[in-house]
Every structure is written in C-alpha cells, then in structure tokens.
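Protein chains: 2
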Amino acid sequence: MTQASLHNEIVSRIRDMIFEGEFVGGQRVPEKQLCEQLSVSRTPLREALKVLASEGLLILLPNRGARIAQITAENLDEIFPIMGTLESLAGEIACGRISDDEIDEIRALHFQMTAHHKRRELSKYFMANQAIHMKILEATNNKTLVATYLSLAGRIRLARFRANFSQDRWDQAVAEHEEILDALGRRDASALAQILRTHLENTCQTVKAALDKEYVSESGSVAGGNPDREKKKQLNPGEHRRSPC
Amino acid sequence: MTQASLHNEIVSRIRDMIFEGEFVGGQRVPEKQLCEQLSVSRTPLREALKVLASEGLLILLPNRGARIAQITAENLDEIFPIMGTLESLAGEIACGRISDDEIDEIRALHFQMTAHHKRRELSKYFMANQAIHMKILEATNNKTLVATYLSLAGRIRLARFRANFSQDRWDQAVAEHEEILDALGRRDASALAQILRTHLENTCQTVKAALDKEYVSESGSVAGGNPDREKKKQLNPGEHRRSPC
DNA sequence: TTCTTGATTTTTGCATGCAAAAAGTTATGA
DNA sequence: TCATAACTTTTTGCATGCAAAAATCAAGAA
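One line per chain: the protein sequences are A and B, in this order. Note that the numbering used here gives residue 182 to position 182 of the first sequence, counting from 1, and the numbers run on in steps of one. To convert a position in the second sequence, counted from 1, into the numbering used here, add 245.
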C-alpha cells in the first residue's frame, strides 16, 4: 500500500503528525524545522508539502511557507454536509450489494461499540464507531467514494477527535447507530441513507459546540481571530483531551 | 486567484493540457519532455506532478514516472454517482439561499442553452450547460463542495467532453434542464435534488456508452487492455471530436 | 513610547548535479 | 528464432547551492 519513496513516506509522517495534534491550527511550519525533525532534505519535503496542501491539511502561501490548516466552524459547516451526503450515498449503494457476512462484521463492531458506551470507554468507542462507518463505505466497493470521504474527514479529524460531548448526545448517537444497524439489516436503502445523513448532521452540531467552547475557554475570545498572532497560548502540541465523537 | 509561483503555474498549464486532450490516457509523461515543453527545470515540475497526482489526473509510479490517468467505465461508475449526490446536495442547499437575481441568471443561461440546442450548436450548448451547473453549486456558498465537485469533474472531463450523444438523449437532457429550472424557480429542494441526481445518472449512461464505442472503434477491442502497449494507435493528442454532454 | 526606515538574517523558490533505478540495446548461445 | 545476459543510455529521486523574497532586528524621528 505505502509507496517506498521518501516523499510518500514524508507525506504519511506529516499527515500522522497533524492527526496526532502535534501542531496547532494556523501555526507556521518552516521547511527547515520539518527537515531537521524528519531528517530529510528540502526537495522531498517540499514535494510532500504540496501534496498535503492539496489534501487540505496545509495552507501554502507563495513565498511565505506552509501553515497548518485551521478548523473553523465555517469549515465544519462546509464539510459535514458533504460527508453526510457521501455517507448517505454509501449507505444506499451498500444496501444493494453488502453480503450477510459483512453485515455480521458490522453488527459485531456495533455490539462492541455499545459495550464501550456502557463502560464509558470513550477512546475505544470512537475506534469502533469509525470502523463501522468505514465498513459501510467500503461495502460500496467505490474507491473514489472512500478516498473523497477520507480526504474530507481528515481535515476535521482533530476537531472531531477532541470534541467532548454530553452523555445525552452520546446516548443519542448510540441510538442512531441502532437505527443504522437496523436499516442495514433490512437492507432498507432509503432509511439507511436518511439516518446516516441525520447522524452526521447531529455529529456536526456536537463538534461545532465543542469547537466554540474550546475557543472561548482557551483564548477568552471567540474564533476568527488573527491566525498570525501565534504567540497567543492555545494548546501545547500533543497536549489535549482525547474523546470520541 | 492564480498563485504567482512557478509550480502553481505549471500545475495549471499541465491541467489545461490534460483537459485539452493533449495526452492520451495511460500515456507516460517523462519529466524531461515536460521540462522542455514548458521551459522549466525539474524541481518545480516535480512539485506540480505531485499535486496533479493527488488531484487524480496523473498516476505516479515510484521510480517509473508519471502516467496520464486513464478514464475507464469503472471510473465513470465510481465518479458520476458521487457527482450526482454532490449536485443533489448543492441543489437542496441552493434552494434555501439562492436569490431571485441568481435564479434569473440561471434562467438566462438556460434559455441561451436551449437556443444552442435548437441550433445544434454543441460546443456552445456545452458551455452554457456547464455554467448552469456551476451556478447552482456556487449558490451554496460552500467552497469545499465546489472544490470537491470540480476535482471529480476534472477526472472525467475529457470523456464527457468527447462523448457524442444521440439527438434523443440531447432532447432528454434539455427536458431535464427544464425540470431543474422549474424546481429551482419554485425553490423545491427535494424536487431539485431528485432531478439533478437523475440528470447525472443519465449523463453517466451516455458518457459510458460513448466511451465503450470509442474504445471499440479505435482499437478493435474493449477497454481494459494493457496500458503499456502505447505504440497502439488510439487518438493523436489534440485530434478528437468535441461535443457536449 | 510608537512609528518609520534601513540593514541583517532567515526562509523560500528554483536550478543543477550526482547516484540509483529502470529502460533500452547489443551480444551470445541454445 | 528466441531467450538470456551484459552493457549502455535514459530517467528518476534526492541533496545542495544560489538568488530573491520575507521576516526580523535596530536605530532614529515624531
């Protein structure tokens, strides 16, 4: 799967670093620093930066280097509806071609997930949850759909990962997943499409609420400030809550 | 809009070259040849190739250079449903926020398009047609949605552009556009979503049929052959029919 | 102090060079 | 004739160097 070339390796590594929250949104990322951090020269690094920028994880400003793309409420409002409609489509297609075995796998993941929910194991819940959504996507056998979805999901991954949500919302999300499993079991394409879309809409609201809260609690002001003022304390890289949404 | 840097310029130029059909799908594109053609050195060219590859217009094989991505029937089957659901979403969102003025603009484009249809002006019809779809997308004010759509559309652009279609299908497409305009005028979100999706499904069928025909008529065999046998005559770059779909 | 203006340092953009891999060519033997 | 091996050429991947742009720092004026 992974290409053996150095620049592909660099793409993966920086992507993972972003996913792990090692950078703050809006932060400048000088080439030299990354070169030293990854022990590579500038040429393959620059090639990697171009790729990450076209994935939407970085912003490249001519002559002014790379910045980590910032997740804003506007961003979430743009991306979640698209993910919702893509998952909805995936559900529809999946109903038409998913095998009993594949449904059983999803059912297993579902019960695993509900067990984590009962035990309040957020991180494990998150993993099982993501795995279910991926299984539905993969059941379409449409690689472009999966890639498009993952590209969008990657851009908001951190916000989603960090968003704490209320017990009520958590319970609701599990209830929605019951409906998802039910519709899938009946292979009811339109019901599955509907509930997946609703599920994503609700998730969007949760993540947005968490994002607003984070901004307010950390900087004392709402989002949208000047990203250049990076002296302002936000979060130390790597130091942040981890919770599922 | 366009970034002033050389590698961005190169991305645009190669993308345009691909859109103009200056390459054959599956064809190898050596760096040296492109360097000479564009009068640039390898470093910014290679950066550009990485970007185009992540846009899906090129395939990069480690140590083996770049190839023009090939448009296959499987490709179309993957991409068109996604574009359909994205346009469908765009239509829904647009209904909720489009202004009367914007609808008037679309109406003007629509009548312009139908005039071209009456006069059998394929190329002009194509332009007006595309403009209408873009207006609906832009009316969502969702840049990520537009970008995602355009990225997918770019990958199958040539096939769509080259596909000749029957008079019947052309008439049907225009009829569908009447319905689109009608639903938009009534701001009937679900009707617009429905007709846009159907419209894209039908377009997919048309383009697929044209692709099959082209493959058969040019190589005497169906698609899926070894792309390495590039000595085989397909189409000379730049020499191809232009017609709307 | 705050705001310019100019010098210095840093960073970015691009060209070039070298080594390794792949592709192409010739030679040899069955 | 075909297959294989050895050799040559081409192409790719990456490191480095230099010039231009941006950022930073410093000194002086308002």
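A virtual CB, placed ideally from N, CA and C, is assigned to each residue, including glycine. Note that the structure is a prediction, hence the values are computed from the model and not measured.
In angstroms with no decimal places, state the Cα-to-Cα distance between B:Cys340 and B:Arg431. 8 Å
Less than 9 Å between CB atoms is the rule here; does A:Gly56 satisfy it with respect to chain B? yes
Output, in sequence order along the chain, the residues in the segment 56 to 88 of chain A whose CB is closer than 9 Å to any CB in chain B. Hits within the stretch, in order: Gly56, Leu60, Leu61, Pro62, Asn63, Asn75, Asp77, Glu78, Ile79, Pro81, Ile82, Gly84, Thr85, Leu86 and Ser88.
Secondary structure, alpha helix (DSSP H): runs of 4+ residues fully inside the segment 264 to 303 of chain B: Segments of the alpha helix (DSSP H) lying fully in the segment 264 to 303 of chain B: 276 to 283 and 287 to 299.
Would you please verify whether the beta carbon of B:Arg291 is less than 9 Å from any beta carbon of chain A? yes
Flag this pair as touching only if the segment 179 to 194 of chain A and the segment 97 to 110 of chain A have three or more C-beta atom pairs under 8 Å; answer yes or no. A contact exists between the segment 179 to 194 of chain A and the segment 97 to 110 of chain A.
Taking CB distances under 9 Å as the criterion, tell me whether A:Lys124 reaches chain B. Chain B, which has no Cβ nearer than 9 Å to the Cβ of A:Lys124, makes this no.
Could you name the residues of chain B that A:Asn142 contacts, counting a contact when the two beta carbons are closer than 7 Å? Those within 7 Å of A:Asn142 in chain B are Glu323.
Which runs of the alpha helix (DSSP H) fall wholly inside the segment 338 to 375 of chain B and span at least 4 residues, in chain order? 345 to 363
Hey, B:Thr385 and B:Ile338 are a contact pair by Cβ (cut 8 Å); roughly how many whole angstroms apart? 4 Å
With which residues is B:Ala311 paired in a DSSP beta bridge? B:Val274 and B:Leu305
Is the separation between the beta-carbon of B:Asn308 and that of B:Ile401 shorter than 9 Å? no
What residues of chain B sit near A:Thr206, judged by a beta carbon separation below 8 Å? Under the 8 Å cutoff, chain B gives no residues; its nearest Cβ is about 20 Å from A:Thr206.
When B:Gly399, B:Glu276, B:Leu290 and B:Ala311 are compared against B:Asn253, the one with the closest alpha-carbon: B:Leu290
Three CB pairs or more closer than 8 Å across the segment 165 to 174 of chain A and the segment 79 to 89 of chain A: no
Three-state class that DSSP yields for B:Thr317 in the structure shown: Coil.
In this structure, how does DSSP classify A:Arg160 when only helix, strand and coil are distinguished? helix
Taking all protein chains shown into account, do 16 or more other C-beta atoms lie within 10 angstroms of the C-beta of B:Glu323, making it buried, or fewer, making it exposed? Label assigned to B:Glu323: buried.
Counting beta carbon pairs with one atom in the segment 361 to 368 of chain B and one in the segment 437 to 449 of chain B, are three or more of them shorter than 8 Å? no
Using C-beta distances below 7 Å, list every residue in its chain close to A:Ala131, excluding the 5 sequence neighbours before and after it, in chain order. Leu109
Tell me the DSSP secondary structure of A:Thr203 in three-state form. helix
Tell me whether B:Ser250 sits in a helix, a strand or coil according to DSSP, three-state version. coil
So with Cβ pairs under 9 Å, would you call B:Ser250 a contact of chain A? At least one CB atom of chain A sits nearer than 9 Å to the CB of B:Ser250.
Could you have a look at A:Asp16 and say whether DSSP puts it in helix, strand or coil? helix
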